[in-house]
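Undergrad: One structure coming up, written as structure tokens, with questions to follow.
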Amino acid sequence: MADVYAKQNRSLTTTERNTKMRLLHTMLRVGNLEKSLDFYQNVLGMKLLRRKDYPEGRFTLAFVGYGDETDSTVLELTHNWDTERYDLGNAYGHIAVEVDDAYEACERVKRQGGNVVREAGPMKHGTTVIAFVEDPDGYKIEFIQKKSGDDSVAYQTA
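Going by the numbering used here, 438 is the number at position 8 of the sequence shown; the sequence numbering is gapless.
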């Protein structure tokens, strides 16, 4: 859409600028819903917000997150009953989760049997402490450590 505006060389109208939009969820296809729910709930501390089976379509949707869907962005875990695993390809990057202590978060993941793929430490060319873990399907999750004394997320500029 941005390309369309750039090509037309025009700005957003007042109505377009005032249109309220909100990011609702990100969908991940999972091969084993129970393993994924265990990881997101018991390792990352998310809550199961809702779950529904669709027998005629042979799939289940489960929504997990840290807050209610009315004001938080959540994850939609989609389990297609006849698919055991997915090729993640090379386009997917990661999900980012803010943590108080990235070192402790990695230790918690390890204690729960999870996979830490990049130990906690300062990011390259910066000071923000980050780490990467994988969920049961191999999706990468970045831990970004909150800067001390700061209530807002310590976003990296990579």
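Even glycine gets a Cβ: it sits at the ideal position worked out from N, Cα and C.
Since this is a predicted model, take the numbers as computed values, not measurements.
Pairs of beta-carbons, one from the region 561-577 and one from the region 531-538, closer than 8 Å: are there three or more?
TA: Yes, the region 561-577 touches the region 531-538.
Undergrad: What are the uninterrupted segments assigned as alpha helix (DSSP H) that are 4 or more residues long and contained completely in the region 526-563, given in chain order?
TA: 532-541
Undergrad: Give me the DSSP bridge partner(s) of Met457.
TA: As a first step, residue 457 must be located in the sequence shown, where it is residue number 27. BP columns for Met457 point to Glu506.
Undergrad: Is Val460 closer than 8 Å to Leu479 when the C-beta atoms are compared?
TA: In the sequence shown, counting from the first residue as 1, residue 479 sits at position 49. In the sequence shown, counting from the first residue as 1, residue 460 sits at position 30. Cβ atoms of Leu479 and Val460: not closer than 8 Å.
Undergrad: Using only alpha-carbon positions, find the residue among Asp567, Leu518, Arg488, Gln471 that is nearest to Val504.
TA: Numbered from 1 along the sequence shown, position 74 holds the residue referred to as residue 504. The shortest Cα separation from Val504 among Asp567, Leu518, Arg488, Gln471 belongs to Gln471.
Undergrad: So, at 7 Å on beta carbons, what are the nonlocal neighbours of Leu545 in its own chain, with the 5 sequence-adjacent residues on each side left out?
TA: Start at 1 with the first residue of the sequence shown, and residue 545 comes out as number 115. Note that residue 545 is Asn in the sequence shown, not Leu. Counting only Cβ-Cβ distances below 7 Å, and skipping sequence neighbours, we find Val563, Glu564.
Undergrad: Compare the C-alpha of Asp512 against each of Arg548, Tyr484, Lys554 and name the closest.
TA: Translated into positions along the sequence shown, residue 512 becomes position 82. Ranking Arg548, Tyr484, Lys554 by Cα distance to Asp512 puts Tyr484 first.
Undergrad: What does a CB cutoff of less than 8 Å around Lys477 pick up in its chain, not counting 5 residues either side in sequence?
TA: The count along the sequence shown starts at 1 and reaches residue 477 at position 47. Taken in chain order, the residues that qualify are Gln471, Val494, Gly495, Tyr496.
Undergrad: In angstroms, rounded to a whole number, what distance separates the CA positions of Pro566 and Glu446?
TA: Counting from one through the sequence shown, the residue named residue 566 turns up at place 136. Counting from one through the sequence shown, the residue named residue 446 turns up at place 16. Just so you know, the alpha carbons of Pro566 and Glu446 end up roughly 40 Å apart.
Undergrad: Between the C-alpha atoms of Glu464 and Thr444, what's the straight-line distance to the nearest angstrom?
TA: Position 34 of the sequence shown, counted from the start, is the residue given in the question as residue 464. Position 14 of the sequence shown, counted from the start, is the residue given in the question as residue 444. Straight-line Cα distance between these residues: approximately 46 Å.
Undergrad: Note down the Cα distance separating Glu572 from Thr449, rounded to an integer number of angstroms.
TA: For the purposes of this step, residue 572 is identified with residue 142 of the sequence shown, where counting begins at 1. For the purposes of this step, residue 449 is identified with residue 19 of the sequence shown, where counting begins at 1. Approximately 31 Å, taken between the alpha carbons.
Undergrad: Could you tell me if Glu578 is buried or exposed, where buried requires 16 or more neighbouring beta carbons within 10 angstroms of its beta carbon?
TA: Within the sequence shown, the letter at position 148 stands for residue 578. The residue asked about is misnamed: residue 578 is Ser in this sequence, not Glu. Exposed: under 16 other Cβ atoms inside 10 Å.
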